[in-house]
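> Supplied in structure tokens, the structure appears directly below.
Numbering (UniProt numbering), first residue to last: 1 to 396.
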């Protein structure tokens with residue numbers, strides 16, 4: 001049998017078997033009927049495969065199947081082409097893989113919020129380069145009949161609130177138990193900023209977006225003035241600390257696409273699990289909120305219900321964390337600090353989303369999504385830029 005798990009991947013069956021024997025505490029090996037199928041749900045730095053193990057023993061307690069997420073250096077070449085101005089730096093893929101692997105290890109050993117958080121079961125994994133290959137991987141629970149939601153979809157009101165409830169579990173628990181997070185390494189976030197969001201990269205990304213979307217020329221020029229906040233990692237962290245004086249654990253990439261959903265009817269989706277924790281960090285939860293809210297609902301709904309959603313999150317956090325006090329003295333202060341962080345997020349991700357739009361649209365398969373997806377997505381991003389301009393005039 002071929003030893004590679006999937007074509008063009010350096011991760012082999014032997015590597016996965018050895019790692020899972022340790023993490024699952026078994027001497028069982030994969031049988032002759034083992035199978036692996038590459039899936040289309042791939043990320044910018046990763047490939048995903050559905051694996052059937054065919055264990056030779058301990059079948060009653062070992063997982064029959066798993067989702068294997070493989071992060072490799074080869075995938076970064078596509079990212080370079082799709083994101084103008086992006087400069088890969090050494091260790092980017094390693095940091096992404098290992099950060100997510102460490103999250104699952106700690107969520108299954110130290111952090112009690114995982115008892116209530118919607119996470120896939122974690123079976124094991126391998127750190128990048130650990131087995132002598134330029135890749136790392138995670139082995140996670142596989143869900144049948146999963147529906148993927150993307151940036152160009154909109155969540156209904158109850159779904160948005162359920163996503164906020166999940167954030168409250170993570171943010172609130174870490175606020176109440178800071179001793180469990182103080183040693184969490186944020187190196188990947190620094191690596192990510194140096195690759196995607198230095199002052200120079202942001203200005204370059206905005207320049208490319210202005211060429212593609214001349215109607216946003218003026219707004220993007222105003223956004224460019226905010227690139228000054230990203231001169232150094234340390235300086236940006238000071239800005240985030242001003243907005244949230246108490247650190248909390250955050251997902252770091254809270255979008256519809258990073259959840260697994262089961263469809264029950266028109267716009268009726270059951271949340272199965274939150275995935276893609278590669279960008280998790282111990283820092284400012286407002287980054288998650290300011291990235292998530294404008295992209296999970298339509299531009300019109302965001303403008304109408306933003307304060308309502310922020311009020312819901314704030315009140316849920318107060319209830320969860322009591323008697324521990326929140327970092328904001330009032331709801332009004334919380335909303336102001338959210339809006340300030342929104343400007344930072346829009347400066348980085350608004351132009352990035354505009355540049356990635358052709359790649360995103362090229363992957364749409366559903367005929368209805370082909371018609372409704374692009375205008376919905378672009379309306380969200382354009383609204384993000386316009387809202388950021390309004391807030392720059394208000395605060396900056």
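Cβ atoms here follow ideal geometry from the backbone N, Cα and C, with glycine treated the same way.
Using only CA atoms, which one of 315, 203, 233 and 265 lies nearest to residue 186?
The option with the nearest alpha carbon to residue 186 is 233.
> Do you know how far the Cα of residue 50 is from the Cα of residue 289?
Near 31 Å, if we compare the C-alpha coordinates of residue 50 and residue 289.
> Taking the straight line between their C-alpha atoms, what separation do you get for residue 312 and residue 272?
Near 22 Å, if we compare the C-alpha coordinates of residue 272 and residue 312.
> Assign residue 8 to one of two classes, buried (16 or more other C-beta atoms within 10 Å of its C-beta) or exposed (fewer than that).
Exposed, by the Cβ-count rule.
> As a quick exercise: from 392, 328 and 308, pick the residue whose alpha carbon is nearest that of residue 344.
Ranking the options by Cα distance to residue 344, first place goes to 392.
> Going by beta carbon distance, what residues of the same chain come within less than 6 Å of residue 35, once the five residues before and after it are set aside?
Correct list, in chain order: 52.
> Judging by CA-CA distance, which residue of 33, 382, 226 and 306 is the nearest neighbour of residue 215?
Nearest option by C-alpha distance: 382.
> Please check the pair residue 388 and residue 347, which I expect to be a contact at CB under 8 Å, by giving their CB distance rounded to whole angstroms.
Indeed they touch by this definition, with Cβ atoms about 7 Å apart.
> What number of angstroms, rounded off, separates the C-alpha of residue 72 from the C-alpha of residue 287?
Their Cα atoms are separated by approximately 27 Å.
> Would you list, in sequence order, the uninterrupted alpha helix (DSSP H) runs of no fewer than 4 residues that lie entirely inside the stretch 228–272?
Listed in chain order, the complete alpha helix (DSSP H) runs (minimum 4 residues) inside the stretch 228–272 are 233–243.
> Could you give the distance in angstroms between the alpha-carbon of residue 385 and the alpha-carbon of residue 231?
Those two C-alpha atoms are separated by around 21 Å.
> Return the chain-ordered list of same chain residues with a C-beta closer than 7 Å to the C-beta of residue 224, the five sequence neighbours on each side being excluded.
Same-chain partners within the cutoff: 203 and 206.
> Please return the same chain residues whose Cβ sits closer than 6 Å to the Cβ of residue 316, not counting the five positions on each side in sequence.
For residue 316, where only same-chain residues beyond five positions count, the Cβ hits under 6 Å are 168.
> Tell me which residue opens and which closes the alpha helix (DSSP H) that residue 205 is part of.
Looking at the DSSP string, the run of the alpha helix (DSSP H) that includes residue 205 is 199–212.
> Which word fits residue 371, buried or exposed, when buried means at least 16 other C-beta atoms lie within 10 angstroms of its C-beta?
Under this definition residue 371 is an exposed residue.
> Drop a sphere of 10 angstroms on the beta-carbon of residue 291, count the other beta-carbons inside from all chains shown, and report buried for 16 or more, exposed for fewer.
It is buried - the Cβ of residue 291 has at least 16 other Cβ atoms within 10 Å.
> Spatial neighbours of residue 162 within its chain, please: C-beta separation below 8 Å, excluding the five flanking residues on both sides.
271.
> For residue 325, which of helix, strand or coil comes out of DSSP?
DSSP places residue 325 in coil when its eight states are reduced to three.
> Determine the direct distance from the alpha carbon of residue 32 to that of residue 282, and round the result to whole angstroms.
Rounded to whole angstroms, residue 282 to residue 32 spans 43 Å at the Cα level.
> Could you give the residue range of the beta strand (DSSP E) that holds residue 35?
Element bounds for residue 35: 35–39.
> Going by CA-CA distance only, name the one from 48, 244 and 285 that's closest to residue 254.
It is 285 whose Cα lies nearest to the Cα of residue 254.
> Where residue 3 and residue 12 are concerned, what is the direct C-alpha to C-alpha distance, given to the nearest angstrom?
Their Cα atoms are separated by approximately 5 Å.
> Taking 6 Å as the limit between beta carbons, can you name the residues of its chain near residue 108, skipping five residues before and five after?
Closer than 6 Å at the Cβ level, and outside the excluded window around residue 108, lie 122.
> Using a Cβ-Cβ cutoff of less than 7 Å, which residues in the same chain neighbour residue 337 once the five nearest sequence positions on both sides are dropped?
These residues qualify, in order along the chain: 243, 244, 286 and 328.
> Three-state secondary structure (DSSP) at residue 14?
Reduced to three states, the DSSP call for residue 14 is helix.
> From residue 297 to residue 305, what distance separates their C-alpha atoms?
Going from the Cα of residue 297 to the Cα of residue 305 covers about 10 Å.
> Who does residue 137 pair with in a DSSP beta bridge?
In the DSSP output, where bridge partners are listed per residue, residue 137 has 70 and 126.
> Please state whether DSSP places residue 6 in a helix, a strand or coil.
Coil at residue 6, not helix or strand.
> Would you give the residue range spanned by the beta strand (DSSP E) that residue 59 belongs to?
Looking at the DSSP string, residue 59 is not in any beta strand (DSSP E), and its letter there is neither H nor E.
> Using DSSP with H/G/I as helix, E/B as strand and the rest coil, what is residue 282?
DSSP places residue 282 in strand when its eight states are reduced to three.
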